[in-house]
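Numbering (the working numbering), first residue to last: 6 to 602.
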C-alpha cells in the first residue's frame with residue numbers, strides 16, 4: 006500500500022523566461038539551457054527531445070510534447086529539491102504554454118528549453134507521526150537535508166510499511182502539510198498516520214482459476230490463516246504460486262477494511278498459463294560436436310499444479326568424442342507436498358554415454374524433495390538408485406548404487422542466463438552405498454559464481470567461477486567412470502580438447518580423477534547495440550586422490566568471444582586456445598545460447 010502526496014508550494018513561476026549559465030546543445034533545432042546538475046535528467050525526461058528526433062512528427066504533435074514537458078520537468082526539479090524554478094519552453098520563439106493546441110506553427114525551426122532552478126530547498130520540519138517503536142526513517146528525511154520529493158515519498162511509504170509489518174494492514178495517511186517557504190528556501194513536511202486495527206489473516210478467496218482446484222491453490226499459497234497479518238507472508242504466497250509455472254499472473258491483495266472478528270480477507274487473483282509447453286536448444290563446439298535437447302511439459306497434469314516433463318538430449322553429434330550420447334528422462338513434480346515450500350519430484354532416467362575413455366549404460370530412479378527457505382536460498386534431499394554398466398581402462402563392470410543426495414543453493418543473480426550482478430553458489434554431498442561390492446563413499450561438488458557490473462549502467466561485467474569436486478572412500482578403480490572427474494571442453498576449460506585431462510593409466514590411456522578444481526574468469530563488454538565481446542581464461546586441475554591440487558596435473562585455456570543479444574538470451578560464440586599454445590592449429594569453437602556460466 007502506497008500513499009500519494011500533494012505538494013503545496015507558494016510563488017513557483019512555471020512559465021517565465023530566464024537562462025542559466027550552462028547551455029547544452031541538443032540538435033540544430035533544440036537547445037537546452039540548464040545547469041549541469043539536472044541536464045542529463047531533463048534531456049532524458051523530455052518528450053519534446055524525442056519528438057524532434059523523429060522525422061515524421063507534425064508541429065501539432067511537437068507542441069503537445071512541449072506542453073507535456075512542463076509537468077515532467079517540474080517532477081525532475083522536485084526530485085532534486087528545487088521548488089522555486091523558472092521553466093521556459095519556446096517553439097519558434099513562442100512560449101509553448103501560452104499557445105493553443107490548435108495553433109498552426111508551421112515548421113519548427115527553433116526549440117529552446119530554459120530552466121533556472123535557483124537554490125535547492127532544505128527540510129525545515131520533517132515529521133511523520135505516529136510510528137511504531139524502534140522505527141527509523143531514512144536519514145535524508147531530516148531538518149537541514151535537501152528536500153527531495155522522493156525522500157518525502159520514501160519516508161511516508163516506510164512509515165506505512167512499518168505499521169503493516171506490525172500487523173496493521175489498513176494504515177493510511179489522514180493528514181499532510183507540505184509548505185515551501187521561498188524566503189528561506191525551506192520545505193516543511195509533516196504527516197499524520199492512522200495505524201488502523203491489528204488484524205489476522207482471514208480466509209483466502211480464489212479468483213480466476215479454471216483447471217486448478219481451489220484447495221490446491223490454498224495449499225500451494227500456504228497463507229497462515231488465523232495468524233497475525235504479515236506482508237512478507239503475502240509476498241511468499243505469491244511467489245509460491247508463481248513458481249509452479251501454472252499461472253501467467255498472480256496478484257495477492259488484502260481487503261480495505263478489517264472484519265468485525267479482527268480478520269482481513271485475502272484475495273488471490275490468478276490467470277492460468279496454457280497447460281502444455283515445448284522447448285528446444287542446441288550447442289556446438291569443435292570437439293564435442295552438436296548437442297540437441299528438447300522437452301515437453303504439462304504444467305497442471307491433475308489439477309493440483311503437478312508438472313509432468315519429458316526430456317531428451319543427444320550430444321556428440323559430429324564430434325570427436327567417440328560416439329553419440331543419449332539421455333532420456335521423465336519427471337513428475339508435485340508442489341506443496343510436505344509443506345507449502347516443499348516440492349516432491351519422482352524421476353526416471355536412461356542414458357548412454359560413449360566418451361573418449363569410457364562408455365556407460367545406466368538407468369536412474371529417484372525421489373527428491375526441494376525446499377525453498379526464501380526467494381534466494383533453497384535446499385534439497387532425496388534418495389536415488391542407479392544401475393550402471395561401465396567399460397573403461399579397468400574393464401567391463403556393473404555398479405548398483407544407492408545414494409542420498411543433499412544440497413543447498415543460494416542464488417542472488419539478476420538473471421539466470423545472462424547475469425550482470427549477484428552470487429550463485431551450490432553445494433551437494435552425496436553419500437552412497439555400492440551393493441555389488443558392499444562399500445560406502447561420498448561424492449561432493451561445489452559450484453560458485455560471482456558477477457560484478459561496473460562502468461556506465463554496469464555495461465561491463467566481470468564474472469568469476471570456481472568448481473570443486475571430490476570422491477571420498479573407495480579406491481579409484483572401484484568407482485564407476487561417471488563418478489570420476491575429467492577436465493577440458495566447454496563446461497570446464499575452453500580451448501582444451503574435450504576431457505583431455507585425467508589420470509594417466511599405462512602408456513597411452515587414462516581414467517578420471519577423484520578430485521577436480523576449476524576456475525574461470527570472464528570480462529564482458531559492450532561493442533554496439535546488441536553485440537558484446539568477451540575475454541576469458543579457464544583453469545582445471547585433476548587429482549588422482551580426493552585432496553585438491555595434489556597428486557595430479559593441470560591445464561589452462563584462454564580465448565575471446567562475442568555475444569548477440571536476443572529475446573531468448575545471448576547467442577554465445579567463443580574461440581578458445583590452450584594457454585601454452587596460441588597457434589591456430591589448436592583453436593576450438595563453442596556456440597550456444599546463454600552465457601558460458
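Note that CB positions come from ideal geometry on N, CA and C, so glycine has one too.
(request) Indicate whether residue 489 and residue 519 have their beta-carbon atoms separated by less than 8 Å. (result) Reading the chain shown from its first residue, position 484 is the one you call residue 489. Reading the chain shown from its first residue, position 514 is the one you call residue 519. Contact flag set, yes.
(message) Using a 10 Å radius around the Cβ and a threshold of 16 neighbouring Cβ atoms, would you call residue 588 buried or exposed?
(response) Position 583 of the chain shown holds residue 588. Classification for residue 588: exposed.
(message) Does the CB of residue 345 have a neighbour CB from chain D at under 8 Å?
(response) Considering every chain present, this structure includes no chain D. It has just one protein chain.
(message) Looking at the secondary structure, which residues open and close the beta strand (DSSP E) in which residue 435 lies?
(response) To locate residue 435, count along the chain shown from 1; it is residue 430. That run of the beta strand (DSSP E) goes 427-439.
(message) So, under 8 Å CB-CB, residue 615 and residue 332 are touching, yes? Tell me the CB distance rounded to an integer number of Å.
(response) Here the chain comprises residues numbered 6 to 602, so residue 615 is not present and cannot be evaluated.
(request) Just mark residue 280 as buried or exposed, buried being the case when its beta carbon has 16 or more other beta carbons within 10 Å. (result) Counting from one through the chain shown, the residue named residue 280 turns up at place 275. Exposed is the call here.
(request) Enumerate in chain order the residues of its own chain whose CB-to-CB distance from residue 592 is below 7 Å, with the five nearest sequence positions on each side excluded. (result) For the purposes of this step, residue 592 is taken as the residue at position 587 of the chain shown. The residues are 580 and 582.
(message) Taking the alpha-carbon of residue 320 as reference, which of 356, 171 and 345 has the nearest alpha-carbon?
(response) As a working mapping, residue 320 is identified with position 315 in the chain shown. Nearest C-alpha to residue 320: 356.
(message) Buried or exposed, going by whether 16 or more other CB atoms sit within 10 Å of the CB of residue 538?
(response) For this step, residue 538 is matched to residue 533 along the chain shown. Residue environment: residue 538 is assigned as exposed (fewer than 16 neighbouring CB atoms within 10 Å of its CB, all protein chains considered).
(message) Taking 8 Å as the limit between beta carbons, can you name the residues of its chain near residue 169, skipping five residues before and five after?
(response) For this step, residue 169 is matched to residue 164 along the chain shown. Closer than 8 Å at the Cβ level, and outside the excluded window around residue 169, lie 6, 176, 234 and 236.
(message) Less than 8 Å between the beta carbons of residue 225 and residue 340, yes or no?
(response) The residue labelled residue 225 in the question sits at position 220 within the chain shown. The residue labelled residue 340 in the question sits at position 335 within the chain shown. Yes.
(message) Checking the sheet assignment: what are the DSSP bridge partners for residue 644?
(response) Residue 644 lies beyond the stretch modelled for the chain, which goes from 6 to 602, so this question has no answer here.
(message) Once the 5 residues before and after residue 525 are set aside, which same chain residues still bring their CB inside 6 Å of it?
(response) In the chain shown, counting from the first residue as 1, residue 525 sits at position 520. 470 and 543.
(request) Would you identify the three-state DSSP class for residue 196, choosing helix, strand or coil? (result) The sequence position of residue 196 within the chain shown is 191, counting from 1. Note: residue 196 maps to strand in three-state DSSP.
(request) Hey, could you find the ends of the alpha helix (DSSP H) residue 156 is sitting in? (result) The sequence position of residue 156 within the chain shown is 151, counting from 1. Note, residue 156: alpha helix (DSSP H), 154-170.
(request) Out of 476, 535 and 453, point me to the one whose CA is closest to residue 435's CA. (result) Within the chain shown, the letter at position 430 stands for residue 435. When each option's Cα is compared against that of residue 435, the closest is 476.
(request) Decide if residue 30 is buried, meaning its Cβ has at least 16 other Cβ atoms within 10 Å, or exposed. (result) Residue numbering aside, residue 30 sits at position 25 when the chain shown is read from its first letter. Confidence in residue 30 is poor, its pLDDT being 40 and thus under 50, which makes the residue's placement unreliable; the coordinate value appears in the next sentence. Residue 30 comes out exposed.
(message) If contact is defined by three or more beta carbon pairs under 8 Å, each pair taking one atom from either stretch, is the region 345-353 in contact with the region 371-383?
(response) Here the region 371-383 lies against the region 345-353, with 3 or more beta-carbon pairs under 8 Å apart.
(message) Pull the bridge partners of residue 107 from the DSSP assignment, please.
(response) Counting from one through the chain shown, the residue named residue 107 turns up at place 102. According to DSSP, residue 107 bridges with nothing at all.
(message) Please report the distance separating the alpha-carbon of residue 601 from that of residue 97.
(response) On the chain shown, residue 601 is found 596 positions in, with the first residue counted as 1. On the chain shown, residue 97 is found 92 positions in, with the first residue counted as 1. Rounded to the nearest angstrom, the two C-alpha atoms are 54 Å apart.
(message) Do residue 260 and residue 270 count as a contact pair if the criterion is CB distance below 8 Å?
(response) The residue you call residue 270 lines up with position 265 of the chain shown. The residue you call residue 260 lines up with position 255 of the chain shown. Yes, the pair counts as a contact, with Cβ atoms nearer than the cut-off.
(request) Spatial neighbours of residue 53 within its chain, please: CB distance less than 6 Å, with the 5 preceding and 5 following residues excluded, ordered by chain position. (result) As a position in the chain shown, residue 53 is number 48, starting the count at 1. Closer than 6 Å at Cβ, skipping near neighbours: 70, 71 and 74.
(request) Below 8 Å on the Cβ atoms is my guess for residue 230 versus residue 201; work out the distance and round it to an integer in Å. (result) As a working note, residue 230 is residue 225 in the chain shown. As a working note, residue 201 is residue 196 in the chain shown. Actually they are not in contact, since the Cβ atoms of residue 230 and residue 201 sit about 20 Å apart, beyond 8 Å.
(request) Specify the secondary structure class of residue 588 as computed by DSSP and reduced to three states. (result) Within the chain shown, residue 588 is the residue found at index 583, counting from 1. Note: residue 588 maps to coil in three-state DSSP.
(message) Please classify residue 160 as buried or exposed, where buried requires at least 16 neighbouring CB atoms within 10 angstroms.
(response) Your numbering for residue 160 matches position 155 in the chain shown. Buried is the call here.
(message) Tell me the rounded alpha-carbon separation between residue 590 and residue 500.
(response) Position 585 of the chain shown, counted from the start, is the residue given in the question as residue 590. Position 495 of the chain shown, counted from the start, is the residue given in the question as residue 500. Roughly 11 Å separates the two Cα atoms.
(request) Answer with buried or exposed for residue 658, where buried requires no fewer than 16 other C-beta atoms within 10 angstroms of its C-beta. (result) The structure shown has nothing for residue 658, since the chain only spans 6 to 602.
(request) Give a yes or no on whether the C-beta atoms belonging to residue 376 and residue 347 are separated by under 8 Å. (result) Indexing the chain shown from 1 puts residue 376 at position 371. Indexing the chain shown from 1 puts residue 347 at position 342. Yes, they are a contact pair.
(message) For residue 292 and residue 416, I'd like the C-alpha separation in whole angstroms.
(response) Here the question's residue 292 lines up with position 287 in the chain shown. Here the question's residue 416 lines up with position 411 in the chain shown. Between residue 292 and residue 416, the C-alpha separation is close to 32 Å.
(request) Kindly indicate which residue of 312, 325, 576 and 262 has the alpha-carbon position closest to the one of residue 295. (result) Sequence index remark: in the chain shown, residue 295 carries index 290 (1-based). For residue 295, the nearest C-alpha among the options comes from 325.
(message) Are the CB atoms of residue 507 and residue 547 within a distance shorter than 8 Å?
(response) As a working note, residue 547 is residue 542 in the chain shown. As a working note, residue 507 is residue 502 in the chain shown. Result yes, Cβ atoms of residue 547 and residue 507 sit closer than 8 Å.
(request) Starting from the C-beta of residue 381, find all residues in its chain whose C-beta is less than 8 Å away, skip the five residues before and the five after it, and write them out in chain order. (result) On the chain shown, position 376 is the one that residue 381 refers to. Contacts found: 415, 416 and 417.
(request) Grab me the residues of residue 514's own chain with a C-beta within less than 6 Å of its C-beta, minus the 5 sequence neighbours each way, in chain order. (result) For the purposes of this step, residue 514 is taken as residue 509 along the chain shown, with counting starting at 1. Taken in chain order, the residues that qualify are 398.
(request) Measure the CB-CB distance between residue 571 and residue 362 and report whether it falls below 8 Å. (result) Counting from 1 along the chain shown, the entry for residue 571 is found at position 566. Counting from 1 along the chain shown, the entry for residue 362 is found at position 357. In this structure, residue 362 does not lie closer than 8 Å to residue 571 by Cβ.
(request) Jot down the residue ranges of each uninterrupted beta strand (DSSP E) in the region 307-354, minimum 3 residues, whole runs only, in chain order. (result) 312-322 and 330-339
(message) Taking the alpha carbon of residue 91 as the reference point, which residue from 401, 99, 79 and 84 has its own alpha carbon closest?
(response) In the chain shown, counting from the first residue as 1, residue 91 sits at position 86. Answer by Cα proximity: 79.
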